[in-house]
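Heads up: the sequence shown begins at 3 in our numbering, then just goes up one per residue. Below is one structure, written out as structure tokens; the observations come after it.
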Amino acid sequence: MEKILIVGASGQLGTELVVKLREVFGTSNVIASDIREGSGELMDGPFEILNILDADAYRAILKKHGITQVYHLAAVLSAKGEQDPHFAWKLNMESLLTVLESGKEQVRKIYWPSSIAVFGPDTPRDHTPQHTIMNPSTVYGISKLAGERWCEYYCQKYGVDVRSIRYPGLIGYKAKPGGGTTDYAVDIYWKAVEGQDFSCFLKPDTALPMMYMDDAVRATIELMEADASLVKTRSSYNLAGMSFTPDEVYRAVRKHYPDFKVSYAPDFRQAIADSWPKSIDDTYARNEWHWKPAYDLDKMTVAMIEGLKSALITQ
Ligand code: NAD
């Protein structure tokens, strides 16, 4: 029987991933952990307060619960990372090395997310291939690219079964995003449903790769459940869902809220977005473990609006 620990579970991704993992593996077999308490359904099961920079505390939790798999989600994200680059590097790298080390001992399988932030201004921006020029220009992207190299290194040198996805911007309604450059695409739905105008920190024509949270959670579990022989890429997989601009998501929202208004006030996050791909080629994920997204912009828009409406009613 697998015993799964999620590190950084109270964030945007963990809040939804934990609930799905508990459906698959049983509530008592999925231990959520974070430096802070989470909210909603996440807290309806085992939860530990854990600062992942405290390696002894991490190892004690592995022992206490007999953990066999770790999903390591804790990180400083792209926009926040630029405010304190040294701390972003410290948290993102030290924590990954702590978790990878545990893969030599008790832990049999590790999941660690990378990001489209591993790409930079020299990368081809349309249908960005799996293998290409990287040269990230944010500390977040530098830490994710270094992390990918460490994952492949631990797999090759020590046989650690570590798996990874380069997520695009993730969009869900159950938790607010944690300081990334694609956060606008979550906030815009909140404002529309709350009947407010929206000020967007990116220009209207800034195309970025995005993914609805249901697709991201499904991809993550499918990759982790795939037979090890299918998982040939041990750095991190490109993964595509959809790609859109602020103007396109605005138009999709307007189909449901015709009076909704958006203004544009680009800030420092515009430069980060301009250094990232517009769309992703995920041929490797499709071919190796048969990835296929289910949500496009219109389908996601309906799901976001319905989800947010019911979340606001129950608040
Ligand atoms: P988030 O910021 O919403 O959540 C991160 C969680 O980590 C938070 O709950 C935070 O409290 C926790 N945390 C911070 N410091 C910690 C520490 N020292 N010990 C333990 N927990 C700590 O981030 P997210 O959006 O859920 O992202 C999860 C992962 O996915 C990250 O690695 C991120 O880089 C990656 N990712 C996210 C996106 C996205 O659009 N959300 C895109 C690409 C990659």
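Virtual Cβ for every residue (Gly too), placed ideally from N, Cα, C. Please read these numbers as outputs of a predicted model, since none were measured by experiment.
Checklist entry - How about isoleucine 6: is its Cβ closer than 6 Å to a heavy atom in the ligand NAD? => result Within the sequence shown, residue 6 is the residue found at index 4, counting from 1. No; taking the cut-off as 6 Å, the Cβ of isoleucine 6 has no heavy atom of the ligand NAD nearer than that.
Checklist entry - Taking 6 Å as the line, does the beta carbon of isoleucine 37 fall inside it for any heavy atom of the ligand NAD? => result For the purposes of this step, residue 37 is identified with residue 35 of the sequence shown, where counting begins at 1. The answer is yes for isoleucine 37.
Checklist entry - Going by Cα to Cα distance, which pick from Ser30, Met215 and Ala209 is closest to methionine 302? => result Residue numbering aside, residue 302 sits at position 300 when the sequence shown is read from its first letter. The residue with the shortest Cα to Cα distance from methionine 302 is Met215.
Checklist entry - isoleucine 173 to aspartate 269, Cα distance in whole Å? => result For the purposes of this step, residue 173 is taken as residue 171 along the sequence shown, with counting starting at 1. For the purposes of this step, residue 269 is taken as residue 267 along the sequence shown, with counting starting at 1. If you take the alpha carbons of isoleucine 173 and aspartate 269, they lie about 21 Å apart.
Checklist entry - Is the Cβ-Cβ distance between threonine 183 and alanine 273 less than 7 Å? => result On the sequence shown, residue 183 is found 181 positions in, with the first residue counted as 1. On the sequence shown, residue 273 is found 271 positions in, with the first residue counted as 1. Not in contact: threonine 183 and alanine 273 (Cβ atoms no closer than 7 Å).
Checklist entry - DSSP three-state call for glutamate 50: helix, strand or coil? => result As a working mapping, residue 50 is identified with position 48 in the sequence shown. Note: glutamate 50 maps to strand in three-state DSSP.
Checklist entry - In this structure, what does DSSP give as the bridge partners for proline 211? => result Here residue 211 corresponds to residue number 209 of the sequence shown, with the count starting at 1. DSSP, once it has assigned bridges, lists Ser245 as partnering proline 211.
Checklist entry - Who are asparagine 240's beta bridge partners in DSSP? => result Here the question's residue 240 lines up with position 238 in the sequence shown. Asparagine 240 is bridged to Arg168.
Next on the checklist: Between glycine 197 and the ligand NAD, is there a pair consisting of the residue's CB and a ligand heavy atom that are separated by less than 6 Å?
Outcome noted: One-based indexing of the sequence shown puts residue 197 at position 195. Answer for glycine 197: no, Cβ out of range of the ligand NAD.
Checklist entry - Taking the Cβ atom as the reference point for each residue, do methionine 213 and leucine 299 lie within a distance shorter than 7 Å? => result As a position in the sequence shown, residue 213 is number 211, starting the count at 1. As a position in the sequence shown, residue 299 is number 297, starting the count at 1. No. Outside cutoff.
Item to check | Segments assigned alpha helix (DSSP H), at least 4 residues, entirely inside the segment 231-316 | outcome: 248-256, 271-276, 285-291 and 299-316
Next on the checklist: Within the continuous beta strand (DSSP E) that includes valine 72, where are the two ends?
Outcome noted: Counting from 1 along the sequence shown, the entry for residue 72 is found at position 70. Here the beta strand (DSSP E) through valine 72 covers 71-74.
Checklist entry - What residue range is occupied by the uninterrupted beta strand (DSSP E) comprising aspartate 36? => result Taking the sequence shown and counting its residues from 1, one reaches residue 36 at position 34. Note, aspartate 36: beta strand (DSSP E), 32-36.
Item to check | Proximity test, isoleucine 167 beta-carbon vs the ligand NAD heavy atom, cut-off 6 Å | outcome: Residue numbering aside, residue 167 sits at position 165 when the sequence shown is read from its first letter. Incorrect: isoleucine 167 has no Cβ contact closer than 6 Å to the ligand NAD.
Item to check | lysine 66, enclosing alpha helix (DSSP H) - first and last residue | outcome: What you label residue 66 is simply residue 64 of the sequence shown in a count that begins at 1. Taken as a continuous stretch (DSSP letters only), the alpha helix (DSSP H) holding lysine 66 covers 57-67.
Item to check | isoleucine 54 beta carbon near the ligand NAD (any heavy atom closer than 6 Å) | outcome: Residue numbering aside, residue 54 sits at position 52 when the sequence shown is read from its first letter. Yes, the beta carbon of isoleucine 54 sits closer than 6 Å to at least one heavy atom of the ligand NAD.
Checklist entry - Relative to the ligand NAD, is the shortest distance from any of its heavy atoms to the C-beta of alanine 57 smaller than 6 Å? => result In the sequence shown, residue 57 corresponds to position 55, counting from 1. No, the Cβ of alanine 57 stays beyond 6 Å of every heavy atom of the ligand NAD.
Item to check | the segment 191-205 in contact with the segment 143-155 per 3-pair CB rule at 8 Å | outcome: no
Item to check | cysteine 202 - partner residues in DSSP beta bridges | outcome: Residue numbering aside, residue 202 sits at position 200 when the sequence shown is read from its first letter. Its beta-bridge partners are Tyr266.
Next on the checklist: So the candidates are Met306, Ile282 and His292; which of them puts its Cα closest to the Cα of histidine 129?
Outcome noted: Locating residue 129 in the sequence shown gives position 127, counting from the first residue. Among Met306, Ile282 and His292, the Cα nearest to that of histidine 129 belongs to Ile282.
Checklist entry - Would DSSP call threonine 29 helix, strand or coil? => result What you label residue 29 is simply residue 27 of the sequence shown in a count that begins at 1. Threonine 29 falls in the helix class under three-state DSSP.
Checklist entry - So what does DSSP say about leucine 7, is it helix, strand or coil? => result Counting from one through the sequence shown, the residue named residue 7 turns up at place 5. The answer is strand: DSSP assigns leucine 7 an E or B state.
Next on the checklist: Can you list, in chain order, the residues of its chain with a C-beta nearer than 7 Å to that of proline 131? Leave out the 5 residues immediately preceding and following it.
Outcome noted: Locating residue 131 in the sequence shown gives position 129, where the first residue counts as 1. So the qualifying residues of the chain are Asp283.
Next on the checklist: Going by DSSP, what residue range makes up the beta strand (DSSP E) through tyrosine 113?
Outcome noted: Within the sequence shown, numbered from 1, the residue matching residue 113 stands at position 111. That run of the beta strand (DSSP E) goes 111-113.
Checklist entry - Apart from the five residues on each side of it in sequence, which residues of its chain come closer than 7 Å, Cβ to Cβ, to threonine 222? => result Position 220 of the sequence shown, counted from the first residue, corresponds to residue 222. Leu19, Tyr113 and Ile167.
Item to check | Contiguous beta strand (DSSP E) assignments of at least 3 residues, all confined to the segment 105-162 | outcome: 111-113
Checklist entry - What does isoleucine 173 pair with, by DSSP beta-bridge criteria? => result As a working mapping, residue 173 is identified with position 171 in the sequence shown. Its beta-bridge partners are Tyr214.
Next on the checklist: Buried or exposed for aspartate 261, going by 16 or more other Cβ atoms inside 10 Å?
Outcome noted: Taking the sequence shown and counting its residues from 1, one reaches residue 261 at position 259. By the 10 Å Cβ count, aspartate 261 comes out exposed.
Next on the checklist: Please report the straight-line C-alpha distance between serine 277 and methionine 3, rounded to a whole angstrom.
Outcome noted: As a first step, residue 277 is located in the sequence shown; it is residue number 275 there, counting from the start. As a first step, residue 3 is located in the sequence shown; it is residue number 1 there, counting from the start. So the two alpha carbons sit approximately 43 Å from each other.
Checklist entry - Within this structure, are the beta carbons of serine 116 and glutamate 154 separated by less than 7 Å? => result Walking along the sequence shown from the start, residue 116 turns up at place 114. Walking along the sequence shown from the start, residue 154 turns up at place 152. Not closer than 7 Å, so no.
Checklist entry - Alpha carbon to alpha carbon, how far is lysine 2 from tyrosine 160? => result There is no way to answer for residue 2, as the model of the chain reaches only from 3 to 317.
Next on the checklist: At the level of alpha carbons, what is the spacing between isoleucine 37 and asparagine 240?
Outcome noted: The sequence position of residue 37 within the sequence shown is 35, counting from 1. The sequence position of residue 240 within the sequence shown is 238, counting from 1. If I take the Cα positions, the gap works out to 29 Å.
Next on the checklist: By the DSSP assignment, the alpha helix (DSSP H) with glycine 83 in it spans what residues?
Outcome noted: Taking the first residue of the sequence shown as 1, we reach residue 83 at position 81. First-last of the alpha helix (DSSP H) with glycine 83: 80-83.
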